[in-house]
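Note sheet for the following structure.
Residue numbers (our numbering), protein chains in the order written: chain A, 1 to 111; chain B, 1001 to 1113.
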């Protein structure tokens, strides 16, 4: 079946550096993609989303890039802060079906 | 911030007990979901509902059951808890049309002894 997977299970970055979290997806028919952040002991929290007809979308300190040619999604976090330490999930959506979540990447920020 | 609530937040229970995990949302969302997640691991969809009296099984086989009698309420029941049910259970809801951006509750951590 279709799946969404992440390239790296863990990522460590220095405080103040930029972080890039990657995601590969396999359903070329997906309409939109969402990034979630999950802190320890909490439910996933919506960060940003992007529709399949876009290739870039920016939020506050975050940017999502979509490359449909290679079916790749990335989340860029500028000036990473200790509060950004969490597990990040990408998810893809299509039509009226539930989201498909990736396996997650743990981001650790080194002070 | 999404208005979705789960109770209890933590539950320790013995094998064989019947338990119900509560989930409520005040956003009027038609769609609701239950996920099972081991700490730091991926999310597994176990049940979902697209409206009152509508329930579907998710990708992960589960011995739990759900009901959807009211829009705002989507409880999950385990008739006979086992140690293999030890996990975190996350409830989510999403708007009825367009993107299925899901908003999650805080989760229930279940430990079955």
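Here a beta-carbon is modelled for each residue, glycine too, at the ideal position from N, C-alpha and C.
- When 8 angstroms is used as the limit between beta carbons, residue 83 of chain A is near no residue of chain B, the shortest such separation being about 16 angstroms.
- DSSP places residue 71 of chain A in no beta strand (DSSP E); its state is neither H nor E.
- By the rule that beta-carbons nearer than 7 angstroms mark a contact, residue 104 of chain A touches chain B.
- A direct Cα-Cα distance of roughly 14 angstroms separates residue 1081 of chain B from residue 1108 of chain B.
- Taking 7 angstroms as the cut-off, the Cβ atoms of residue 108 of chain A and residue 12 of chain A count as close.
- Under the DSSP definition of a beta bridge, residue 1081 of chain B lacks any partner.
- The beta carbon of residue 56 of chain A does not come within 7 angstroms of any beta carbon belonging to chain B, so the residue lies off that interface.
- Among the residues of chain B, those whose CB is under 8 angstroms from the CB of residue 87 of chain A are 1040, following chain order.
- Distance from the CA of residue 84 of chain A to the CA of residue 14 of chain A, rounded to the nearest whole angstrom, comes to 11 angstroms.
- In the DSSP annotation of this structure, the continuous segment of the beta strand (DSSP E) that includes residue 20 of chain A starts and ends at 19-25.
- One thing to note: residue 1037 of chain B has its Cβ within 7 angstroms of the Cβ of residue 1088 of chain B.
- Residue 98 of chain A counts as buried, since no fewer than 16 other beta carbons sit within 10 angstroms of its beta carbon.
- Residues of the stretch 1063-1082 of chain B with a C-beta less than 8 angstroms from any C-beta of chain A: none at all.
- For residue 106 of chain A, the enclosing beta strand (DSSP E) has its first and last residue at 105-110.
- Taken through DSSP and simplified to helix, strand or coil, residue 84 of chain A comes out as helix.
- If you ignore the 5 residues before and after residue 1073 of chain B, its C-beta comes within less than 8 angstroms of the C-beta of 1022, 1023, 1024, all in its own chain and listed in chain order.
- Secondary structure note for residue 1056 of chain B: its beta strand (DSSP E) is the uninterrupted segment 1054-1057.
- If you look at residue 33 of chain A, you'll find it in the beta strand (DSSP E) that goes 32-38.
- Annotated three-state conformation of residue 1018 of chain B is coil, per DSSP.
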